[in-house]
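Quick notes on the structure that follows.
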Amino acid sequence: EPEVTQTPSHQVTQMGQEVILRCVPISNHLYFYWYRQILGQKVEFLVSFYNNEISEKSEIFDDQFSVERPDGSNFTLKIRSTKLEDSAMYFCASTGTGSTDTQYFGPGTRLTVL
Amino acid sequence: DAKTTQPPSMDCAEGRAANLPCNHSTISGNEYVYWYRQIHSQGPQYIIHGLKNNETNEMASLIITEDRKSSTLILPHATLRDTAVYYCIATYNDMRFGAGTRLTVKP
Chain A
202 EPEVTQTPSH QVTQMGQEVI LRCVPISNHL YFYWYRQILG QKVEFLVSFY
252 NNEISEKSEI FDDQFSVERP DGSNFTLKIR STKLEDSAMY FCASTGTGST
302 DTQYFGPGTR LTVL
Chain B
140 DAKTTQPPSM DCAEGRAANL PCNHSTISGN EYVYWYRQIH SQGPQYIIHG
190 LKNNETNEMA SLIITEDRKS STLILPHATL RDTAVYYCIA TYNDMRFGAG
240 TRLTVKP
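Protein sequence lines correspond, in order, to chains A and B.
Just so you know, we're using the working numbering here: the first sequence kicks off at 202 and counts up by one.
Just so you know, we're using the working numbering here: the second sequence kicks off at 140 and counts up by one.
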């Protein structure tokens, strides 16, 4: 069964450093998403991406965040200058041919900012 | 997205049916009811969704009231591996997660 994959599973970085989290959505899916979950809190929407542009973003997704689909398979989330409060699980999700289709989530990347 | 209300926690005996309720009284006509679950800190796992009719798949059944203001997720024979946080989401396209219901299946 096709699935969303994410790398790395765990990323440790120093405050102020740039990190790139990678996701490989389900092939033939067209809509892509990033979510985050701070330890003990709820899953929060960050951004949705379709047709090579951001379709929606939350207030959390400020100028330090960016997303990119550099090739036909990867979908990345970049955090330019990490802060302690960026420590969280980051989940990628993808949806098929319509934005109303079911979203399938990856296993997540645990980001630890020291 | 319509706001949903779920009990914060529930217990269920292993082998028994787990019935998880959800209220979505402000749901609009084009919004679906989705259920996901999250085991520990793993990625949310899709369970089932529906619009008006009751739905069943290999994991669960979804019962939606006729007025669509509430629904119930049924796990027919709960196992210890079903212990997780279950999220009910009423949406047209965007997933907005609440606090969910923490289901604990006990031996």
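Note that beta-carbon positions come from the ideal geometry of N, C-alpha and C, so glycine has one too.
For residue i, which residues from the same chain have a beta carbon less than 8 angstroms from its beta carbon, with the 5 sequence-adjacent residues on both sides left out?
i: threonine 204 of chain B; result: Ser210
i: asparagine 97 of chain B; result: Given that chain B is displayed from residue 140 to residue 246, the structure contains no residue 97 of chain B and the question cannot be resolved.
Enumerate in chain order the residues of its own chain whose CB-to-CB distance from residue i is below 6 angstroms, with the five nearest sequence positions on each side excluded.
i: histidine 188 of chain B; result: Tyr171, Tyr173
i: arginine 207 of chain B; result: Ile166
i: isoleucine 239 of chain A; result: Ala289
i: proline 183 of chain B; result: Tyr175, Gln177
i: serine 116 of chain B; result: For chain B, the structure presents residues 140 to 246; residue 116 of chain B sits outside this window and is missing.
Measure the C-alpha to C-alpha separation of residue i and residue j and round it to an integer number of angstroms.
i: glutamate 202 of chain A; j: serine 164 of chain B; result: 35 angstroms
i: methionine 198 of chain B; j: threonine 218 of chain B; result: 12 angstroms
i: tyrosine 175 of chain B; j: aspartate 221 of chain B; result: 12 angstroms
i: serine 267 of chain A; j: lysine 258 of chain A; result: 10 angstroms
i: valine 314 of chain A; j: asparagine 193 of chain B; result: 45 angstroms
i: serine 274 of chain A; j: valine 225 of chain A; result: 6 angstroms
i: tyrosine 234 of chain A; j: alanine 157 of chain B; result: 31 angstroms
i: asparagine 162 of chain B; j: phenylalanine 292 of chain A; result: 26 angstroms
i: glutamate 254 of chain A; j: glutamate 269 of chain A; result: 8 angstroms
i: aspartate 302 of chain A; j: glutamine 242 of chain A; result: 26 angstroms
i: isoleucine 202 of chain B; j: glutamine 218 of chain A; result: 48 angstroms
i: methionine 216 of chain A; j: cysteine 151 of chain B; result: 43 angstroms
i: glycine 297 of chain A; j: methionine 234 of chain B; result: 15 angstroms
Assign residue i to one of two classes, buried (16 or more other C-beta atoms within 10 Å of its C-beta) or exposed (fewer than that).
i: serine 249 of chain A; result: buried
i: alanine 238 of chain B; result: exposed
i: valine 244 of chain A; result: buried
Check whether chain A comes within 9 angstroms of residue i, counting only Cβ atoms and requiring the distance to be less than that.
i: aspartate 233 of chain B; result: yes
i: glutamine 177 of chain B; result: yes
i: serine 180 of chain B; result: yes
i: glutamine 184 of chain B; result: yes
i: alanine 223 of chain B; result: no
i: glycine 189 of chain B; result: no
i: glycine 237 of chain B; result: yes
So, is the C-beta of residue i closer than 9 angstroms to a C-beta in chain B?
i: phenylalanine 306 of chain A; result: yes
i: threonine 303 of chain A; result: yes
i: glycine 217 of chain A; result: no
i: leucine 240 of chain A; result: yes
i: lysine 258 of chain A; result: no
i: glycine 309 of chain A; result: yes
i: lysine 243 of chain A; result: yes
i: serine 249 of chain A; result: yes
Using 9 angstroms as the threshold, is the C-beta distance between residue i and residue j below it?
i: arginine 311 of chain A; j: serine 148 of chain B; result: no
i: valine 220 of chain A; j: isoleucine 280 of chain A; result: yes
i: serine 295 of chain A; j: histidine 211 of chain A; result: no
i: leucine 242 of chain B; j: tyrosine 226 of chain B; result: no
i: alanine 223 of chain B; j: threonine 143 of chain B; result: no
i: tyrosine 236 of chain A; j: phenylalanine 236 of chain B; result: yes
Can you list, in chain order, the residues of its chain whose CB lies under 7 angstroms from that of residue i, leaving out five sequence neighbours each side?
i: asparagine 185 of chain B; result: Per the sequence shown, residue 185 of chain B should be read as tyrosine rather than asparagine. Taken in chain order, the residues that qualify are Tyr175.
i: arginine 155 of chain B; result: Ala217
i: asparagine 196 of chain B; result: Ile187
Nearer than 8 angstroms: is that true of the beta carbon of residue i relative to any heavy atom of the ligand SAM?
i: threonine 243 of chain B; result: In the structure shown, the ligand SAM is absent, as is every other ligand, since no ligand is present at all.
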